[in-house]
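Q: Quick one: structure below, then a few questions.
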Amino acid sequence: MANQSHYAKLPTAAVSRRGPQQCLSSYGNFSNFLDVFRLPMFSNPRIRKYCVKLVLICVLCTVLITSFCSEILNLRNPGIYLNRLVATSNKRNTRTYQLTTQFKLDLLKGDLTMLENSGNAHNESNKEERRLPSCIIFGVSKCGTRAVLEYLKLHPDIVAPNVEINYFNNKSLQARGLSWYLQQMPYSRPGQITAEKSPDYFQHHECAKMIYGCNRDTKLLLLLRDPVVRLVSQYMQLVDKRPTLPAFEDWVINNRTREINMDIPSVAVSVYSRHLSHWLKVFPRRQFHIIESESLKKSPLQEMTQVERFLHLRPFYSSEDFYFNSSRGFYCVRMRATGKTKCMGKSKGREHIAVKKEVVEQLYRFYQPYNKELNDLLNMKFSWS
Ligand SMILES: Nc1ncnc2c1ncn2[C@@H]1O[C@H](COP(=O)(O)OS(=O)(=O)O)[C@@H](OP(=O)(O)O)[C@H]1O
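If you read the sequence shown in full-length UniProt numbering, its first letter stands for residue 1, the second for the next number, and so on.
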């Protein structure tokens with residue numbers, strides 16, 4: 001009876017079609033959501049108004065809470081925060097640049113603590129697993145860095161990824177976190193050293209701090225080549241990819257001043273002392289081993305024996321590991337286990353163009369003071385300095 005009087009006010013069409021009991025069950029199941037508004041309480045305009053307000057407030061609160069939570073999650077994801085921070089600094093405004101460098105260092109520390117807590121950071125565990133590099137070939141491009149990596153990989157106590165990771169000079173890779181970097185490393189046994197080669201780290205000075213932050217004991221291998229020959233080598237690589245590049249002489253000389261154009265990044269890379277001085281502010285000299293490219297080309301065994309000593313590896317290299325490939329003009333390697341031989345790919349050993357004599361002389365004059373600076377920095381003398 002009570003039910004009947006309750007539903008007596010429902011629209012006659014609804015009652016006549018299904019009857020009160022059917023209506024009740026359909027409200028209960030909300031099979032037709034709009035039927036809810038046929039409840040008697042909604043016939044009161046004030047209640048309807050309050051309900052509409054309530055719904056609007058609920059929607060607003062949901063939107064606010066969702067965006068607040070996603071903001072918190074984003075802030076907790078350092079990668080997203082870092083990208084946002086970097087995106088806000090269109091130009092390399094010094095303050096923002098310093099801020100991001102500092103921020104990246106903080107991120108790195110956080111990541112490292114996480115990896116250390118999970119026992120994955122360095123070479124302490126007894127298991128075969130991925131380990132962060134403790135040796136980095138950080139430069140210089142076109143100086144034989146691939147050759148050294150291939151020679152290093154012959155040693156049973158060295159493992160290394162085959163590709164350049166370029167983690168410390170790439171913001172978007174850093175945003176993936178140190179664990180991403182770790183995933184790029186091959187598995188190693190206890191006692192093996194993980195090495196990495198990314199020669200572009202050299203001219204990206206903040207890499208020094210980042211690598212130090214990651215492992216302050218990192219051993220650094222640096223290859224240096226006659227700066228002018230290195231520049232020509234880099235030009236050959238660039239022109240291979242971009243045949244429209246100007247002729248070498250027009251590329252390196254500023255059209256207006258007729259001076260060597262330092263704004264060309266490849267020209268600046270060969271100013272070794274300027275870059276190395278930054279690295280020497282971060283790492284002590286004893287953690288660097290310098291290899292002269294020309295000497296590596298002539299006597300790989302001698303150079304690799306020195307690398308072996310520098311890395312405190314057990315003596316391994318012998319003359320049977322290297323053989324001179326006269327058609328390539330380089331020493332290639334012979335794998336002991338299989339006897340198979342391996343030479344560098346076609347992108348190494350491109351024929352160099354003949355540069356105009358006066359431009360070559362101008363380039364040597366240009367690099368000369370920097371070469372002197374380099375000798376003083378390292379207390380070394382190079383065949384071309
Ligand atoms: N065995 C050996 N010893 C010394 N040097 C060698 C060796 N093999 C190759 N090369 C020279 O390395 C030059 C390429 O250097 P990189 O491997 O550092 O290039 S890259 O930056 O990775 O592209 C490359 O320079 P170019 O000849 O100008 O192409 C090679 O001359």
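Glycine included, C-beta positions come from ideal geometry on N, C-alpha and C.
Quick check: the Cα distance between Leu56 and Ser172, rounded to an integer number of angstroms?
A: Rounded to the nearest angstrom, the two C-alpha atoms are 40 Å apart.
Q: Within a Cβ cutoff of 6 Å, which residues of the same chain sit near Pro190, ignoring the five residues on either side of it in sequence?
A: If we look at Pro190 and ignore the five residues flanking it on each side, its Cβ neighbours are Asn126.
Q: Could you compute how far the alpha carbon of Glu361 sits from the alpha carbon of Ile253?
A: About 12 Å.
Q: Among Ser266, Ser295 and Glu259, which has the Cα closest to the Cα of His204?
A: Among Ser266, Ser295 and Glu259, the Cα nearest to that of His204 is on Ser266.
Q: Quick check on DSSP: helix, strand or coil for Arg334?
A: In this structure, Arg334 counts as strand in the three-state DSSP scheme.
Q: In angstroms with no decimal places, state the Cα-to-Cα distance between Gln234 and Lys241.
A: Roughly 11 Å between the two C-alpha positions.
Q: I'd like to know whether the C-beta atoms of Ala195 and Pro133 end up nearer to each other than 8 Å.
A: The answer is yes: Cβ separation under 8 Å.
Q: Regarding Gly213 and ligand 1, is the C-beta to nearest heavy atom distance less than 7 Å?
A: No, ligand 1 has no heavy atom inside 7 Å of this Cβ.
Q: Indicate, with yes or no, if ligand 1 has a heavy atom lying under 7 Å from the CB of Leu245.
A: Incorrect: Leu245 has no Cβ contact closer than 7 Å to ligand 1.
Q: For Thr145, name the three-state secondary structure that DSSP assigns.
A: In the structure shown, Thr145 sits in a helix (DSSP, three-state: H, G or I).
Q: For Arg146, is the beta carbon positioned less than 7 Å from some heavy atom of ligand 1?
A: Yes; taking the cut-off as 7 Å, the Cβ of Arg146 has a heavy atom of ligand 1 nearer than that.
Q: What does a CB cutoff of less than 6 Å around Asp111 pick up in its chain, not counting 5 residues either side in sequence?
A: Contacts found: Gly177 and Leu178.
Q: In whole angstroms, give me the CA-to-CA distance for Leu107 and Met114.
A: The straight-line gap from Cα to Cα measures roughly 11 Å.
Q: What separation, rounded to the nearest whole angstrom, lies between the Cα atoms of Val52 and Phe42?
A: Cα to Cα, Val52 sits roughly 11 Å from Phe42.
Q: Roughly how many angstroms separate the alpha carbons of His155 and Lys346, rounded to a whole number?
A: Cα-Cα distance, rounded: 24 Å.
Q: Do Gln192 and Val159 have their C-beta atoms within less than 8 Å of each other?
A: Yes.
Q: Does ligand 3 have a heavy atom nearer than 7 Å to the CB of His155?
A: Ligand 3 is not part of the structure shown, which contains ligand 1 as its ligands.
Q: Is any heavy atom in ligand 1 found nearer than 7 Å to the beta carbon of Met344?
A: For ligand 1, at least one heavy atom lies less than 7 Å from the Cβ of Met344.
Q: My parser needs the alpha helix (DSSP H) runs of 4 or more residues fully inside the stretch 348–384; what are they?
A: Segments of the alpha helix (DSSP H) lying fully in the stretch 348–384: 357–378.
Q: Whose C-beta lies closer than 6 Å to the C-beta of Tyr331 among residues of the same chain, with five residues either side of it excluded?
A: Around Tyr331: Pro300, Phe322 and Phe324.
Q: Taking Leu280 as the reference, which of Ile211, Val63 and Arg350 has the closest Cα?
A: Cα-wise, what sits closest to Leu280 is Ile211.
Q: Could you tell me whether any non-hydrogen atom of ligand 1 is closer than 7 Å to the CB of Gly349?
A: Gly349 Cβ: within cutoff of ligand 1.
Q: Whole angstroms are fine: how far does the CA of Glu116 sit from the CA of Ser326?
A: The alpha-carbon atoms of Ser326 and Glu116 are separated by roughly 48 Å.
Q: By alpha-carbon positions, which one of Lys298, Lys297, Ile47 and Leu276 ends up nearest to Phe288?
A: Selected option, being the one with the closest Cα: Leu276.
Q: Which ranges would you report for the beta strand (DSSP E) in the stretch 264–329 if only whole runs of at least 3 residues count?
A: Fully enclosed beta strand (DSSP E) runs of 3 or longer: 288–292 and 322–325.
Q: Could you please give me the residues that DSSP links to Cys135 through a beta bridge?
A: According to DSSP, which records beta bridges pairwise, Cys135 is partnered with Ala195 and Lys219.
Q: Report the residue from Phe138, Leu222 and Met236 whose alpha carbon sits nearest the alpha carbon of Lys348.
A: Comparing Cα positions, the closest option is Met236.
Q: Which of the three DSSP states is assigned to Val140 in this structure?
A: Residue state, collapsed to three classes: coil.
Q: Mind checking whether Gly139 and Leu222 have CB atoms under 8 Å apart?
A: Cβ distance < 8 Å, so Gly139 and Leu222 count as in contact.
Q: For Gln174, tell me which candidate among Cys207, Phe202 and Arg309 has the shortest Cα-Cα distance.
A: Of Cys207, Phe202 and Arg309, the residue nearest in Cα terms is Cys207.
Q: Less than 8 Å between the beta carbons of Phe68 and Leu224, yes or no?
A: It is not a contact, given that the beta carbons lie outside the stated cut-off.
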